[in-house]
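Novice: Let me give you the structure first, and then I'll get to my questions.
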Amino acid sequence: MPTVMSKRLDGKTILITGASSGIGRSTAFEFARTSPQNLKLILTARRIDSLNQIAAEIVQEVGAGVRVLPVQLDVSNAQEVREFVSKLPAEFKEIDVLVNNAGLVKGVAKAPEIAEDDVEIMFKTNVTGLINMTQAILPSMLARNNGEGSGDIINIGSIAGREPYPGGSIYCATKAAVRSFTESLRKELIAKRIRVIGIDPGQVETEFSVVRFNGDKSKADAVYAGCEPLTPDDIAETIVFAAGRRENVIVADTLLFPNHQASATIMHRKL
Ligand SMILES: NC(=O)c1ccc[n+]([C@@H]2O[C@H](COP(=O)([O-])OP(=O)(O)OC[C@H]3O[C@@H](n4cnc5c(N)ncnc54)[C@H](OP(=O)(O)O)[C@@H]3O)[C@@H](O)[C@H]2O)c1
């Protein structure tokens, strides 16, 4: 029996950035499982092999009602983003839900020792990339519904955007920028039927910390020592829940912690 939520999502085209891993990957599965009869998923990231694999796994699990288009895309490259949008096949062009999830953190250095490359890649991906995607997709959302527009833009921020912490200044600044952009956009689109949704996860175990420590798995594991972090599925459920509300309901702002976490740095560790 289709649920109310699966009916609301039926026929939609969902675009997820950073779908090759973690929260983005889980979000792709969660949308497919929630509305398996008739859904289109565009999965983007730089690692196309992972996207192809995920696309195959989704279709194998839920069947051919979900059509998946994996596309290699670096969100930080504005030209690439524009070309990606212009080359979308006709049946995938009308994007109903944009999940701006691609993002990363590099290192734990403090000023003045933060590597210039790390500053650049975090801002280019987390901030400019999210803005590139939004600007590229928004015109088609605005053109629908007799000029009233329609669609959802779901931006993945972080507790780091609300509460800066030492050793995370650049990442925190990027996520604060995401929060500001999200709130401005919601206000700019007040007269339109486009929902702007912000979701801020606390600690989630994904490849995030492995990327932070340049592949050093033992350092990444230490982040979660004595903790039970959220899973990427926990965040995916919230993203799909927000997209699956009645059109007049905006889940504008959500902060998610695991039970042992109370702020960016207050963590109860059972050690
Ligand atoms: N894990 C946490 O504790 C946590 C907490 C709060 C917020 N978040 C946020 O959640 C989002 C997802 O992170 P995650 O935890 O799922 O980490 P993850 O497992 O490392 O996934 C990050 C995704 O972003 C993609 N990505 C990175 N740079 C990209 C680029 N330039 N262009 C396109 N895609 C790019 C990666 O794909 P490719 O490498 O294949 O490009 C990957 O699919 C991020 O915005 C992160 O800041 C995470």
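Residue 326, in the working numbering, is where the sequence shown stops; the numbers in between run on with no holes.
Backbone N, C-alpha and C fix where the C-beta goes; we use that ideal spot for every residue, glycine too.
Within a Cβ cutoff of 8 Å, which residues of the same chain sit near T58, ignoring the five residues on either side of it in sequence?
Specialist: T89
Novice: In terms of residues, what are the limits of the alpha helix (DSSP H) holding A297?
Specialist: 287-298
Novice: Need the endpoints of the beta strand (DSSP E) that T320 sits in, please.
Specialist: Premise fails: T320 is in no beta strand (DSSP E) and is neither H nor E.
Novice: Report all residues from its chain with a CB closer than 7 Å to the CB of I186; omit the five preceding and five following residues, and keep chain order.
Specialist: F236
Novice: Taking G253 and G158 to be in contact with their CB atoms under 8 Å, please state how far apart those CB atoms are, rounded to whole angstroms.
Specialist: Not a contact, Cβ separation roughly 13 Å.
Novice: Skipping 5 residues on each side, what residues in its chain have a beta carbon closer than 6 Å to that of V163?
Specialist: G222
Novice: What's the call for I290, buried or exposed, on a 16-neighbour Cβ count within 10 Å?
Specialist: buried
Novice: As a quick exercise: from N107, K325, P194, K165, pick the residue whose alpha carbon is nearest that of A280.
Specialist: K325
Novice: Identify the continuous alpha helix (DSSP H) that holds N187 and give its terminal residues.
Specialist: First-last of the alpha helix (DSSP H) with N187: 185-197.
Novice: Residues in the same chain with beta-carbon distance under 7 Å from T261, minus the five sequence neighbours each way, listed in chain order, please.
Specialist: S76, G77, I78, P287
Novice: Restricting to runs no shorter than 3 residues, where is the beta strand (DSSP E) found entirely within the stretch 120-145?
Specialist: 121-127
Novice: For G79, report the span of its alpha helix (DSSP H) as first-last.
Specialist: 77-89
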